[in-house]
Amino acid sequence: MNFIIIVSLLISNLLAQSNQRPAQKKFESEIIEKTITRISNKMKDNKLKYTFINSFPNTLDTTVTNYDPNIPDAFVITGDITAMWLRDSTNQLWTYMEFVNKDSKLQHLVKGAITRQINQVLIDPYANAFNYQKKQSEWSSDNTTRCFLGVNVHAMSEHLHERKFEIDSLVAVLRLSYGYYKETNDTSIINFKYLKAVQRILRTFRDQQADQTEQFKTFRFPYTFQRNGRSTDTVINGIGEPLKRTGLLRTFFRASDDSTIYQFNIPENAMASAILKQTAEMLSEAQLTWSLRKAAEPLIQEAIALSSEIKDAIYKYGIKDGAFVYEVDGMGKQVFMDDSNQPSLLSLPIYGFIEIDDPLYQATRKKALSSANPYYFVGTAAKGIGGPHIGANYIWPMAIVTQGLTTNDKQELRECLRMLVTTTGNKWFMHESFFKDNPSSFTRSWFAWANGLFGELVLKIDKEYPELLEEEYA
1325 MNFIIIVSLL
1335 ISNLLAQSNQ
1345 RPAQKKFESE
1355 IIEKTITRIS
1365 NKMKDNKLKY
1375 TFINSFPNTL
1385 DTTVTNYDPN
1395 IPDAFVITGD
1405 ITAMWLRDST
1415 NQLWTYMEFV
1425 NKDSKLQHLV
1435 KGAITRQINQ
1445 VLIDPYANAF
1455 NYQKKQSEWS
1465 SDNTTRCFLG
1475 VNVHAMSEHL
1485 HERKFEIDSL
1495 VAVLRLSYGY
1505 YKETNDTSII
1515 NFKYLKAVQR
1525 ILRTFRDQQA
1535 DQTEQFKTFR
1545 FPYTFQRNGR
1555 STDTVINGIG
1565 EPLKRTGLLR
1575 TFFRASDDST
1585 IYQFNIPENA
1595 MASAILKQTA
1605 EMLSEAQLTW
1615 SLRKAAEPLI
1625 QEAIALSSEI
1635 KDAIYKYGIK
1645 DGAFVYEVDG
1655 MGKQVFMDDS
1665 NQPSLLSLPI
1675 YGFIEIDDPL
1685 YQATRKKALS
1695 SANPYYFVGT
1705 AAKGIGGPHI
1715 GANYIWPMAI
1725 VTQGLTTNDK
1735 QELRECLRML
1745 VTTTGNKWFM
1755 HESFFKDNPS
1765 SFTRSWFAWA
1775 NGLFGELVLK
1785 IDKEYPELLE
1795 EEYA
């Protein structure tokens, strides 16, 4: 009997190590299929092979729920949550950015997502996630307001899935369009509606950079948020603790959708500084009509000025003991930690804010990947960064991927790859998080952003150390 059980388990495990992609795919790209075949043929380790085969195309296979190449328009869900996050959708499609100029269908998909994101920003720049069509979401009862004609009015609408203000949501929109333009040189995305969205983003950032003194006197704020839930899902008094004006931007929530401790989040601001500069560069060099050029010029100057102000403030307020801190209030309070979600301190070079070999970044990286970070966990299965979103002892695969994306060390890359492919719980996909001592205990079996990030890491390794793809990982 024991023999039969053992054989059954072995057969079950072997069957699991297979192509788990759906028969009916939401979107197919010829260049992505060729890339999967080319790279997976190098792989001798089945765990690595099938995790790559399943994960890399996961966004295309499963999350492009509505796509119209004629408009163009594309609605990209996160995976198991059927809403479109600005941040997630950018990161999900970024996985394929280097291929958009090699596949017109894929190019139209990204262009469609940019169109959709621009419309979403114009609906509400403070929202982080949107519905495909107007409907009530599970967060419809959130108490979130905007200031209209001097009065705070309820702002949650049926367009929105959630209305948590995170700097990186708006920056993600700029990043996707910049990345698309750099790959394709397609200026058709830069129209008057696009410039209006950029203007809205800049105005929102300026509002969240402003001195709070007058706002506190009248209690009229451009944004407030409260939810009847756990502490990381709401904001004290709806506005957070008082801050001193520093040049940094306030963010009420982090990339994890958890509320900030101090609202000047350094990774969020660093990403904003880098991408605002890139957006200005794009608008400056793009071949635009005279009328578009005239409309773009003040936005270029504003983006450059804001980028510089934020960067200066980061270096003034965001460094302690030779490393970047995670959050500050501008009045002396700071917290050092790092979170698994991007942007994080670990991910700063990814956005072009700082070079990987910069001593300040290296000191920060070393600290983030140590016990100095309260969310760095070491277990028998793996070691890596988690965060308050899930809690203690749960490591996030995307943080291990980020570690791999920000190193040029071959041995560190090998170890990141080993940890990733041996902690899928025999599911051969990336998860949101897993318990440090038992990868079978995980959260979110369908999390497209993490799957795509794993694909990005494999692409990096294929370019830099392809021999690592031929190794066995136990």
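Going by the working numbering, the first residue of the sequence shown is number 1325, and it counts up by one from there. Backbone N, C-alpha and C fix where the C-beta goes; we use that ideal spot for every residue, glycine too. As the structure is a computational prediction, the values presented were derived from the model and not from experiment.
Which class does residue i belong to by DSSP, given the choice of helix, strand or coil?
i	result
Val1400	strand
Glu1651	strand
Asn1467	strand
Val1445	helix
Thr1767	strand
Gln1533	coil
Lys1520	helix
Ser1668	coil
Asn1271	Residue 1271 lies beyond the residue range present for the chain, which begins at 1325 and ends at 1798; the question has no answer from this structure.
Gln1658	strand
Asn1803	Residue 1803 lies beyond the residue range present for the chain, which begins at 1325 and ends at 1798; the question has no answer from this structure.
Ala1798	coil
Phe1423	helix
Ser1583	strand
Asn1697	coil
Gln1431	helix
Gln1727	helix
Thr1439	helix
Glu1849	Here the chain has residues from 1325 to 1798 only, and residue 1849 is not among them.
Ile1514	coil
Pro1673	helix
Glu1791	helix
Thr1342	The question names Thr, yet the displayed sequence has Ser at residue 1342. Coil, per DSSP.
Leu1572	coil
Ile1525	helix
Thr1748	coil
Among all the DSSP beta bridges, which residues are the ones paired with residue i?
i	result
Met1408	Phe1454
Gly1711	Gly1715
His1478	Thr1469
Asp1392	Asp1397
Lys1644	Ala1647
Phe1351	Partner(s): none; Phe1351 has no beta bridge.
Phe1759	Tyr1718 and Asn1762
Phe1577	Ser1583
From what residue to what residue does the alpha helix (DSSP H) around residue i run?
i	result
Pro1622	Trp1614 to Tyr1641
Phe1545	Unbroken run through Phe1545: none, as it is neither H nor E.
Ser1379	Asn1370 to Ser1379
Ser1608	Ile1590 to Glu1609
Thr1688	Pro1683 to Ala1692
Arg1738	Lys1734 to Val1745
Asn1382	Asn1382 to Thr1386
Between which two residues does the beta strand (DSSP E) harbouring residue i extend?
i	result
Gln1550	Thr1548 to Gln1550
Asn1775	Asn1775 -> not in any beta strand (DSSP E); alpha helix (DSSP H) instead, spanning Ala1772 to Glu1788.
Tyr1502	Counting along the chain, Tyr1502 falls outside any beta strand (DSSP E), though it belongs to the alpha helix (DSSP H) covering Ile1491 to Thr1508.
Val1702	Tyr1700 to Val1702
Leu1484	Leu1484 to Glu1486
Ser1364	Careful: Ser1364 lies outside any beta strand (DSSP E), inside the alpha helix (DSSP H) at Glu1354 to Ser1364.
In angstroms with no decimal places, state the Cα-to-Cα distance between residue i and residue j.
i	j	result
Ile1628	Thr1528	16 Å
Lys1459	His1483	7 Å
Asp1535	Asp1653	13 Å
Leu1669	Ile1709	11 Å
Asp1427	Cys1471	44 Å
Met1661	Phe1778	23 Å
Ser1757	Tyr1650	21 Å
Ile1678	Leu1672	6 Å
Thr1389	Ala1437	11 Å
Arg1742	Tyr1391	36 Å
Pro1698	Asp1510	44 Å
Arg1499	Val1434	12 Å
Ser1580	Ala1772	15 Å
Leu1792	Phe1351	30 Å
Leu1526	Gln1441	16 Å
Asp1397	His1432	8 Å
Trp1720	Thr1584	19 Å
Gly1676	Ala1594	9 Å
Pro1622	Asp1582	34 Å
Glu1605	Asn1552	43 Å
Met1480	Ile1447	11 Å
His1485	Tyr1450	12 Å
Arg1524	Arg1738	43 Å
Tyr1505	Leu1519	15 Å
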